[in-house]
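Engineer: Below you will find the structure I want to go over with you.
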């Protein structure tokens, strides 16, 4: 994009080429055009279009417009790049938080399994005594695991 704007700016600066006189020569029914008068035959000087007044001023205005457009496009690009960088940073933060949650969940599930085994072993030792306390402990652990893993 920048290369195209540069080329366009250079073309605007070039302006119209200075036109010389053009001669129409008629020799033996054959017509030729040249920048020099005819040496033989009938010559007619053709009028060339006068150079447009203010070509340099038009070129300068065009260049200023192009510079303004370029500055605007660069500002938009910078803003877009900043937004992309912010989005990438936010995605990284979210991914890191998600990985931490999954790790916490796995750790809580392992603790729940160990606690369940411990409570089962304790129940086998003491029989039916303390069953309500063991059930409450298991329920508290299950709620903690559900809270950690359900997000």
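Numbering (mature numbering (1 follows the signal peptide of the UniProt record, and there is no 0)), first residue to last: -19 to -1, 1 to 132. For glycine and all other residues, C-beta sits at the position ideal for the given N, C-alpha and C. On a predicted model such as this, the values are computed, not experimentally measured, just so you know.
Given 8 Å as the limit, is there contact between the region 94 to 114 and the region 65 to 81, that is, 3 or more CB pairs closer than that?
Structural biologist: Result no; under three Cβ-Cβ pairs closer than 8 Å.
Engineer: Provide the residue span of the alpha helix (DSSP H) that contains residue 61, from first to last.
Structural biologist: First-last of the alpha helix (DSSP H) with residue 61: 36 to 107.
Engineer: Is the distance from the Cβ of residue 90 to the Cβ of residue 126 below 8 Å?
Structural biologist: Yes, the pair counts as a contact, with Cβ atoms nearer than the cut-off.
Engineer: For residue 130, name the three-state secondary structure that DSSP assigns.
Structural biologist: Reduced to three states, the DSSP call for residue 130 is helix.
Engineer: If you draw a straight line from the alpha carbon of residue 2 to that of residue 48, how long is it in whole angstroms?
Structural biologist: Each residue's alpha carbon lies about 36 Å from the other.
Engineer: Given this structure, state the Cα-to-Cα distance separating residue 36 from residue 52, to the nearest angstrom.
Structural biologist: About 24 Å.
Engineer: Going by DSSP in three states, residue -4 sits in which element: helix, strand or coil?
Structural biologist: Caution is warranted here: a pLDDT of 46 is assigned to residue -4, below 50, making its placement in the model unreliable, and the coordinate value is therefore given only provisionally. Note: residue -4 maps to coil in three-state DSSP.
Engineer: Using C-beta distances below 7 Å, list every residue in its chain close to residue 95, excluding the 5 sequence neighbours before and after it, in chain order.
Structural biologist: Around residue 95: no qualifying Cβ.
Engineer: Cα-Cα, which of 79, 116, 83 and 87 is closest to residue 97?
Structural biologist: The option with the nearest alpha carbon to residue 97 is 116.
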